[in-house]
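The next block holds one structure in the form of structure tokens; read it before the comments.
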Amino acid sequence: ARLLLTPELSICGYPPRDLLLNPAFIKAMEQALTTLSTQLPPDLAVLVGTAEANDAALTQGEKSLFNSMVWIAEGKIQRRFRKRLLPTYDVFDEDRYFASGRNSEVMSLDGINIGITVCEDLWNEDSFWGRRSYNTNPIADLAAQQVDFVVNLSASPFCLGKQAVREAMLQHMARRYAVPILYVNQVGGNDDLIFDGRSLAVNRQGDLIGRGQEFTTDVLWVEFDPQKRDAVSAQVAPALSPMAELWNALVLGVKDYTRKCGFRQAVLGLSGGIDSALVAAIAAAALGPEQVLGILMPSPFSSEHSVTDALALAQNLGIQTQQIPISPLMTAYETALEPLFAGTESGVAEENIQARIRGNLLMAIANKFHRLLISTGNKSELAVGYCTLYGDMSGGLAAIADVPKTRVYELCQWLNSPDSAPWLQQIALKAQDPSAEVIPDHILTKPPSAELKPGQVDQDSLPPYDVLDDILERYIDLHQSSSEIIANGHDAATVKRVLTLVKRSEFKRQQAAPGLKITDRAFGTGWRMPIAAQWETEMPLPPATTES
Numbered sequence: 285a286r287l288l289l290t291p292e293l294s295i296c297g298y299p300p301r302d303l304l305l306n307p308a309f310i311k312a313m314e315q316a317l318t319t320l321s322t323q324l325p326p327d328l329a330v331l332v333g334t335a336e337a338n339d340a341a342l343t344q345g346e347k348s349l350f351n352s353m354v355w356i357a358e359g360k361i362q363r364r365f366r367k368r369l370l371p372t373y374d375v376f377d378e379d380r381y382f383a384s385g386r387n388s389e390v391m392s393l394d395g396i397n398i399g400i401t402v403c404e405d406l407w408n409e410d411s412f413w414g415r416r417s418y419n420t421n422p423i424a425d426l427a428a429q430q431v432d433f434v435v436n437l438s439a440s441p442f443c444l445g446k447q448a449v450r451e452a453m454l455q456h457m458a459r460r461y462a463v464p465i466l467y468v469n470q471v472g473g474n475d476d477l478i479f480d481g482r483s484l485a486v487n488r489q490g491d492l493i494g495r496g497q498e499f500t501t502d503v504l505w506v507e508f509d510p511q512k513r514d515a516v517s518a519q520v521a522p523a524l525s526p527m528a529e530l531w532n533a534l535v536l537g538v539k540d541y542t543r544k545c546g547f548r549q550a551v552l553g554l555s556g557g558i559d560s561a562l563v564a565a566i567a568a569a570a571l572g573p574e575q576v577l578g579i580l581m582p583s584p585f586s587s588e589h590s591v592t593d594a595l596a597l598a599q600n601l602g603i604q605t606q607q608i609p610i611s612p613l614m615t616a617y618e619t620a621l622e623p624l625f626a627g628t629e630s631g632v633a634e635e636n637i638q639a640r641i642r643g644n645l646l647m648a649i650a651n652k653f654h655r656l657l658i659s660t661g662n663k664s665e666l667a668v669g670y671c672t673l674y675g676d677m678s679g680g681l682a683a684i685a686d687v688p689k690t691r692v693y694e695l696c697q698w699l700n701s702p703d704s705a706p707w708l709q710q711i712a713l714k715a716q717d718p719s720a721e722v723i724p725d726h727i728l729t730k731p732p733s734a735e736l737k738p739g740q741v742d743q744d745s746l747p748p749y750d751v752l753d754d755i756l757e758r759y760i761d762l763h764q765s766s767s768e769i770i771a772n773g774h775d776a777a778t779v780k781r782v783l784t785l786v787k788r789s790e791f792k793r794q795q796a797a798p799g800l801k802i803t804d805r806a807f808g809t810g811w812r813m814p815i816a817a818q819w820e821t822e823m824p825l826p827p828a829t830t831e832s
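Using the working numbering, you'd call the opening residue of the sequence shown number 285 and step up by one each time.
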């Protein structure tokens, strides 16, 4: 190779967030670049992403850093290129740290002129989006300079469906400006964000000629023909199905979060329900079944199948289990609270004690044996607050907090199909028989229930999940008002109730464990709602009820 491309801020990883406010962190990056320049082959040109001090910050009132790409060759730093467009939407907050680069710059290598862009610099093509978010279009600027090709060094977080948009956008711009585009993306999990890799190469006709592998480290080799002024060959990794894409994203997110936080093992509560079954399968694939411990904590209200289903799941996955009945602890709580609770009816507070007992037991086990506690709540529950603070919300990571309940079922059904076998080789049952059932059928078919009182099922408190998830998607992802949601066929009282629950549950979400982001609108870094707010979405809210 003559030129090696690396992702945005590759020297430290993206996003470093407020580490960028620490001068020692910036200095360490500069020292690492100097060391790297002496270690790289002198005839290899390398573009490395870094945060660079802005010397004009004090005199011109700018931010103190640039988001830069550094060209290293011949044993030294040759030149620096600065990111121009700084996103401040969703999970991005780059204007907090960086000043904008002033020009779209060109790197000349062996007589080939290469336009340099960094991530967001690529995402402002008005002819593709039908709008322009910034006053400049770096790709158009570089095309006007008649560059031979454009490189884009990205740290672009994953969400479902995003890769198709990336590819369509790159192909559109390559055709419009008649310039090849090489796009490189970070891979790995950083906190709640998952980066999917899938670097791309598009020729000047807009044909996709190269695609890196998904959710794994990869090197994409691209040949550029100076005579044709075009990228002419690369390898194209096959695209994943939507379910395989979602599965691989969640597995990578759990694997990297666990490793980067210094854990090797995980623990979770196994209820015999579908959510904990999916999380157990993800953890087993991410860390290895031998590193996962499932804790069964039956109460007097637990059905017999809760235990048998959980044990059948554990056997299928090959994970360890322990049982801790919570009846004695429930009695102790009842005795301690009896003087204060005397004369009141048993209700939500007593039900939630069970969830909090379980949360305390799981945290104690995690603490004692240095295991990461992975919570098992899904996006539907987190949206409407059908979860208990300091109970089932306890944990260091919420693996499926951005996965709606209906999609939980879809993913579990996919796990039981032969299509999932290539991604489940760590689970012996699936490796031996691609058509083997990973999630016991009874878990998929029984009504979901928290089992905090006799005969309880989720639908006692919530609309059917297909109805609930459609309302939530329209409200959270599509920003529809209550009247728009009702106009799309939903019952007015149900919509009012669901939107009220979403608003009243904000204080819970702000105390939740980090959740892996897999949609455009996750309850994480990019969700910035106030807790104490009186704004109403066109409907008067009913009186406040007891926290559940």
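For every residue, glycine included, the Cβ atom is placed at its ideal position computed from N, Cα and C.
Here the alpha carbon of V563 sits roughly 11 angstroms from the alpha carbon of L601.
When only Cα atoms are considered, R460 and L504 end up about 24 angstroms apart. Counting along the chain, the unbroken beta strand (DSSP E) around N436 starts and ends at 433-438. Take the alpha-carbon of Q709 and the one of Q716: they are about 9 angstroms apart.
Contact check for L800 against L534 passes: the beta carbons are separated by less than 8 angstroms. For M527 and W698, the gap between their C-alpha atoms comes out near 7 angstroms. Just measuring C-alpha positions, the residue of L287, S411, Y670 sitting nearest L752 is Y670. R548 is the residue among A561, P582, R548 whose C-alpha sits nearest the C-alpha of E574. Secondary structure within the segment 365-415: the alpha helix (DSSP H) runs of 4 or more consecutive residues, fully enclosed, are 410-413 (chain order).
In this structure, DSSP gives E588 a helical state, which the three-state scheme calls helix.
When DSSP states are grouped into helix, strand and coil, A462 belongs to the coil group. Each of N474, I493, D475 was checked against the Cα of S483, and the nearest Cα belongs to I493.
Fewer than three beta-carbon pairs drawn from the segment 387-402 and the segment 443-459 are found closer than 8 angstroms, and the two stretches are therefore not classed as touching. With a cutoff of 8 angstroms on beta-carbon distance, M581 and I610 are scored as near each other. Non-local beta-carbon contacts of Y674 in its own chain, meaning distances under 7 angstroms to residues more than five positions away in sequence, involve R640, G643 in chain order. Boundaries of the beta strand (DSSP E) around T605: 604-607. In the three-state reduction of the DSSP assignment, I356 falls in the strand class. Per DSSP, the unbroken beta strand (DSSP E) holding G333 starts and ends at 329-337.
Counting of Cβ neighbours within 10 angstroms places K792 among the buried residues, the total reaching 16 or more. For the pair A596 and G578, the CB atoms are not nearer than the 8 angstroms cut-off. Here S590 is buried. Its C-beta has 16 or more other C-beta atoms within 10 Å.
Under the Cβ criterion (8 angstroms, minimum of three pairs), the segment 646-665 does not count as touching the segment 616-627. Shown here for L324: same chain residues with a beta carbon closer than 7 angstroms to its own, the five before and five after excluded, namely V330, I356 in chain order.
Each residue's CA atom was taken as its position, placing F412 and R450 some 11 angstroms apart.
Looking only at V435, G414, Y617, the smallest Cα-Cα distance to E404 is reached by V435.
L756 sits close to P688, with the two beta carbons spaced by under 8 angstroms.
For N474, the enclosing beta strand (DSSP E) stretches over residues 471-474. Boundaries for A340: no beta strand (DSSP E) harbours it, and the DSSP string shows neither H nor E there.
R368 is a Cβ neighbour of G385, given a cutoff of 8 angstroms. Within the same chain, Cβ atoms closer than 8 angstroms to the Cβ of W811 are found at R793, R805, the five residues on either side in sequence being excluded. Put simply, the backbone Cα of L289 is about 17 angstroms away from that of A335. Beta bridge pairing from DSSP links A485 with L466, G494.
About 15 angstroms separates the beta carbons of V402 and L454, which is beyond the 8 angstroms limit, so they are not a contact pair.
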